[in-house]
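Peer 1: Got a structure here, written out as structure tokens. Questions coming.
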Amino acid sequence: FGGWGAIDIFCYFAHERVSLPPAVWVDACHARGIPCLGTLIVEGDTAEAMRLLASPTRTAARLSALAEHHAFDGFLINMEAAVPAAGVPRLVELLRELRAALRARVGPQSLVIYYDAVDVTGRIRYQNALTPANFDFFEACDGLFTNYWWDASRLASSAELAGPQRAHDVYAGVDCFARGPVGYTAGPGCRSHCLAAR
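When we follow this note's numbering, the leftmost residue of the sequence shown carries the number 224, and every step to the right adds one.
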């Protein structure tokens, strides 16, 4: 891989419940001063989401212990399962608890990034921006990774809502396979979106 100069944060992602970055990737990131994240993902399984949210403190403790043991820097939290309205405060609590646990166990460079899927009503509703419907999650962690179907106006509104102190904590996703987004094609065609998100 030759693109390290363009990487601010590296996230090891797979469609498994918990994806831990292998040591070779952690070492490569840390040799360059780049945070390396794992992923927690729940796709379509509300019961599993609620099991994880039954005790946000316990879930945060276990995830932060994994990060400490394997020497990586945090997690992308990708909750793509609807949760009952009563579960939303627990999801916010999980983000806060995980952030605090990682700071304590891993250090101040640790990060928790929330993927834009579940909104404050508990439904799967991709905002493609930072909005009032996902702001509580953003406020509870270190950043929001938007869904991929954004445009220039959504980037601008995200920056405005985040405010000058946190505008760079909103990450605009680009799907290089162009599944669903309007305005760019797969592969090299996503260049214009990458440039717009800088």
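Every residue gets a Cβ at the ideal spot worked out from N, C-alpha and C, and that includes glycine.
Which term fits W227, buried or exposed, when burial requires 16 or more other beta carbons within 10 angstroms of its beta carbon?
Peer 2: It is exposed - the Cβ of W227 has fewer than 16 other Cβ atoms within 10 Å.
Peer 1: Write down the C-beta distance between Y394 and T354 rounded to the nearest angstrom, noting that I regard them as a contact closer than 8 Å.
Peer 2: The Cβ separation is near 15 Å, so there is no contact.
Peer 1: Is it buried or exposed, S376, if we count other Cβ atoms within 10 angstroms and call 16 or more buried?
Peer 2: With fewer than 16 other Cβ atoms within 10 Å, it is exposed.
Peer 1: Near E221, which residues of its chain fall below 8 Å by C-beta distance, leaving aside the five closest residues on each side in sequence?
Peer 2: This structure leaves residue 221 out entirely; the chain is present only between 224 and 421.
Peer 1: Can you name the start and end residues of the alpha helix (DSSP H) that T262 belongs to?
Peer 2: Premise fails: T262 lies in the beta strand (DSSP E), C259 to E266, not in any alpha helix (DSSP H).
Peer 1: Measuring straight from C-alpha to C-alpha, what distance separates L260 and Y235?
Peer 2: For L260 and Y235, the distance between alpha carbons rounds to 6 Å.
Peer 1: Since E303 is in the beta strand (DSSP E), which residue starts that stretch and which ends it?
Peer 2: Taken as a continuous stretch (DSSP letters only), the beta strand (DSSP E) holding E303 covers G297 to E303.
Peer 1: Could you tell me the alpha carbon to alpha carbon distance between E291 and A309, rounded to whole angstroms?
Peer 2: So the alpha carbons of these two residues sit roughly 31 Å apart.
Peer 1: Could you give the DSSP three-state label for C399: helix, strand or coil?
Peer 2: If DSSP states are grouped into helix, strand and coil, C399 belongs with coil.
Peer 1: Going by the CB atoms, is the gap between V343 and V306 shorter than 8 Å?
Peer 2: Contact: no.
Peer 1: What residue range is occupied by the uninterrupted beta strand (DSSP E) comprising L314?
Peer 2: Here L314 belongs to no beta strand (DSSP E); instead the alpha helix (DSSP H) covers V311 to R328.
Peer 1: If you reduce the DSSP assignment to three classes, tell me which class S278 lands in.
Peer 2: Of the three classes helix, strand and coil, the one that applies to S278 here is coil, per DSSP.
Peer 1: Quick one: residues in its chain with C-beta nearer than 7 Å to the C-beta of A419, no 5 flanking neighbours on either side, listed in chain order?
Peer 2: Excluding positions up to five away in sequence, the list reads A375 and L378.
Peer 1: I need the DSSP call for L243, collapsed to helix, strand or coil.
Peer 2: Here L243 sits in coil by DSSP.
Peer 1: Touch check for the region 360-367 and the region 316-326: three-plus C-beta pairs under 8 Å?
Peer 2: Verdict: yes, contact present.
Peer 1: Does C252 come out as helix, strand or coil in the three-state DSSP assignment?
Peer 2: C252: helix per DSSP, three-state reduction.
Peer 1: Bridge partners for V335 per DSSP, in chain order?
Peer 2: V335 pairs with F298.
Peer 1: How far does the beta strand (DSSP E) with F368 in it extend, from its first residue to its last?
Peer 2: Looking at the DSSP string, the run of the beta strand (DSSP E) that includes F368 is G366 to F368.
Peer 1: Name, in chain order, the residues that DSSP records as bridge partners for I347.
Peer 2: Answer by DSSP bridge pairing, in chain order: V341.
Peer 1: Who are the near neighbours of D365 in its chain, counting only those whose CB is closer than 7 Å to its CB and skipping five residues on each side?
Peer 2: So the list reads R322, L334, V335, I336 and D392, once near-sequence residues are dropped.
Peer 1: Give the range of the alpha helix (DSSP H) segment to which D374 is assigned.
Peer 2: Counting along the chain, D374 falls outside any alpha helix (DSSP H), and DSSP gives it neither H nor E.
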